[in-house]
Each structure stands twice: as C-alpha cells, then as structure tokens.
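Participant:
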C-alpha cells in the first residue's frame, strides 16, 4: 500500500503536512498548524500501523467508537484496520508515523512481542524523539528500525485500553467540550460553568460526559491543563510555579498534585526523564 496515503483522508489533506518522508516500509510526517489552512476533521482506516505524537493538545480524537483527548507527551498508537481520526479541524502540531504491517510485525517477533497488541497511549521517551529528529535531518534509513523498535518496546508494555467507547452519542456534549477547550486556562473555570453549554442539568451532564469521554469532566479539564504544562515545561527558563499559573492552576501545589495523580510521576521527575 502507499504509506503516504495513510496520513490523511485524501491527497489534498495530506498536502497540509509541513514535511513527509516516505520509504517502502516507513513514513513520517510533521504537521504544523496554520491559521490559513487546517486539516479537516475526518475518520478513516488503513492496513498499516500508525503512531500519533501531539506537540499541542488535540481536543478530540477517534479510535473505533472511543472519543478521547490527545495529550502532549504521549504517543497514540493505531492498530491496522481500525477506524480513527479527529473530531475537529486539526489545529495542533504533531508527528505522524505510519509503518508497514509486515515490517512492524517482523520486528515485534524479533523482540519477543509477537502476540502483543497496542492497547493505549504511552509516554514518549527522549530516545524516541532523538531517533526521530536525527532521521528527519539525515534520512538515514538505518534509524528506521531503531524508531520502530523503540515504539514497540515502549508501547507494548501496557495491556489496558484507556479509550472507552461511548454507549450513546450525546449531541450536546461537543459544545461543552469546545467551551472547556477555549477556557481551560482560566483558573476560575468550574464544571458547573461548562455544564451550562450542554443544555443538560449539572448532574446529568457529569454522567453524560463520563459515558461520552470515558472520563470525568474534572479529569478531562486537568488533562487539558497538564497537556499545556508539558508543552511549557520544554522551556527550561520557566519555573514550575510559573508553569502552574500559565496552565490554569491557582497554586503550584494543586498543579503538582494533579500532575502526580494523572501522569504518575511528579513534574520534576517528568522534566528530568522525558525532557
């Protein structure tokens, strides 16, 4: 198959990528958002593996019947022949990697992961980013196997899918999600404020949101803020206190508590290990 075509719905949309490098087994595309031209929302499937690495938050992504947020610092794998895509026009920077199914499965077998399945997102390692950066500059095809091996080793250590399919499509949910996305940096934003944009009562909204997104509204709000924080943490001149306030948290302690609870490690540990 033409791996290049797996990056989008059609050639016109694929043309919005800043850079694409394609071989017979591996294709990598860099997308930088452009106010004048955005990739339209779409869903599709293909006979290849795909790995999406956001550098800004992607508000809503699709994976089969699941709808979820694409957070900074994570890689999102897509298994072959699974319907996936984006809910809104793409306004985020990302790296998109597409890999031939036979090529990846052969390396899975070599590494002892023959019967393993990519279930859910995983943290992006420094090693993976380094290999990608060097490959994009040098186009040295010897690095392809290193990139693929790193994706396999990092991505197949998890066996629980965090993407929960919605049981019912809630027509009013998108308005509240958009409102949250546009206002999450406001430290005074409340779930009650957000619920008013759904035309549901507060109680019904929280239940509907959980079924639609597979997560509570407060957790989703925290994920948006922490995704922004991880983006800001790349700037070493910013303190954690500054990052907390710039991410929508009133205090550094609230930020650190949420970061440790949701990401699994402290902001200091994350900065050392992944940045």
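In the working numbering, the protein residues as written are 10 to 284. Here a beta-carbon is modelled for each residue, glycine too, at the ideal position from N, C-alpha and C. Quick caveat, the model's predicted, so the values are computed rather than measured.
Can you tell me whether residue 44 is buried or exposed, with buried defined as 16 or more other CB within 10 angstroms of its CB?
Facilitator: Classification for residue 44: exposed.
Participant: Please give the ranges of any alpha helix (DSSP H) in the stretch 67 to 132, keeping only runs that are unbroken, at least 4 residues long and fully inside the region.
Facilitator: Here the runs fully enclosed are 110 to 119.
Participant: Please classify residue 136 as buried or exposed, where buried requires at least 16 other C-beta atoms within 10 Å of its C-beta.
Facilitator: Counting Cβ neighbours within 10 Å, residue 136 comes out exposed, since fewer than 16 surround it.
Participant: Which class does residue 206 belong to by DSSP, given the choice of helix, strand or coil?
Facilitator: Coil.
Participant: Measure the Cβ-Cβ separation of residue 76 and residue 221 and say whether it is below 8 Å.
Facilitator: Going by C-beta atoms, residue 76 is nearer than 8 Å to residue 221.
Participant: For residue 102, collect the residues of the same chain with a Cβ closer than 7 Å to its Cβ; drop the 5 residues on either side in sequence, then sort them by chain order.
Facilitator: Counting only Cβ-Cβ distances below 7 Å, and skipping sequence neighbours, we find 40, 41, 42, 64 and 65.
Participant: What would DSSP say about residue 7, mapped onto helix, strand or coil?
Facilitator: With the chain covering 10 to 284 only, the question about residue 7 has no answer from this structure.
Participant: Which residue's Cα is closest to the Cα of residue 219: 163, 182 and 11?
Facilitator: Of 163, 182 and 11, the residue nearest in Cα terms is 182.
Participant: Buried or exposed, going by whether 16 or more other CB atoms sit within 10 Å of the CB of residue 231?
Facilitator: Looking at its Cβ environment, which holds 16 or more other Cβ atoms inside 10 Å, residue 231 is buried.
Participant: Classify residue 196 as helix, strand or coil using the three-state DSSP reduction.
Facilitator: Of the three classes helix, strand and coil, the one that applies to residue 196 here is coil, per DSSP.
Participant: Just to confirm my understanding: we take residue 90, look at its own chain, exclude 5 residues before and 5 after, and list those with CB closer than 7 Å. What are they?
Facilitator: Excluding positions up to five away in sequence, the list reads 54 and 56.
Participant: Quick check: what's the CA-CA separation for residue 26 versus residue 109?
Facilitator: If you take the alpha carbons of residue 26 and residue 109, they lie about 20 Å apart.
Participant: From 234, 119 and 163, pick the residue whose C-alpha is nearest to that of residue 197; which is it?
Facilitator: Ranking the options by Cα distance to residue 197, first place goes to 234.
Participant: Below 8 Å between beta carbons: does that hold for residue 50 and residue 94?
Facilitator: It is a contact, given that the beta carbons lie within the stated cut-off.
Participant: With DSSP as the reference, label residue 53 as helix, strand or coil.
Facilitator: Strand at residue 53.
Participant: DSSP state of residue 273, grouped into three classes?
Facilitator: Residue state, collapsed to three classes: coil.
Participant: Of all the options 100, 147 and 162, which has the alpha carbon lying nearest to the alpha carbon of residue 123?
Facilitator: Checked all of 100, 147 and 162; the closest Cα to residue 123 is 162.
Participant: Does the beta-carbon distance from residue 59 to residue 133 come in below 8 Å?
Facilitator: Taking 8 Å as the Cβ cut-off, residue 59 and residue 133 do not qualify as a contacting pair.
Participant: At which residues does the alpha helix (DSSP H) containing residue 158 begin and terminate?
Facilitator: Here the alpha helix (DSSP H) through residue 158 covers 151 to 164.
Participant: For residue 97, collect the residues of the same chain with a Cβ closer than 7 Å to its Cβ; drop the 5 residues on either side in sequence, then sort them by chain order.
Facilitator: Only 50, 68 and 69 meet the Cβ criterion.
Participant: By Cβ distance below 8 Å, which residues in the same chain neighbour residue 143 in space, the five residues on each side in sequence not counted?
Facilitator: Result list for residue 143: 149 and 152, in chain order.
Participant: Alpha carbon to alpha carbon, what distance is there between residue 241 and residue 202?
Facilitator: Going from the Cα of residue 202 to the Cα of residue 241 covers about 26 Å.
Participant: Work out the CA separation of residue 24 and residue 277 for me, nearest whole Å.
Facilitator: Their backbone Cα atoms lie some 39 Å apart in a straight line.
Participant: Assign residue 140 to one of three DSSP states: helix, strand, or coil.
Facilitator: Helix, per DSSP.
Participant: Residue 184: which of 116, 193 and 205 sits nearest, CA to CA?
Facilitator: Of the candidates 116, 193 and 205, the one whose C-alpha sits nearest the C-alpha of residue 184 is 205.
Participant: Which whole-angstrom value is the C-beta distance of residue 157 and residue 104, which I expect to be below 8 Å?
Facilitator: Their Cβ separation, rounded to whole angstroms, is 14 Å, which puts residue 157 and residue 104 out of contact at 8 Å.
Participant: What three-state label does DSSP hand residue 40 in the structure shown?
Facilitator: DSSP places residue 40 in strand when its eight states are reduced to three.
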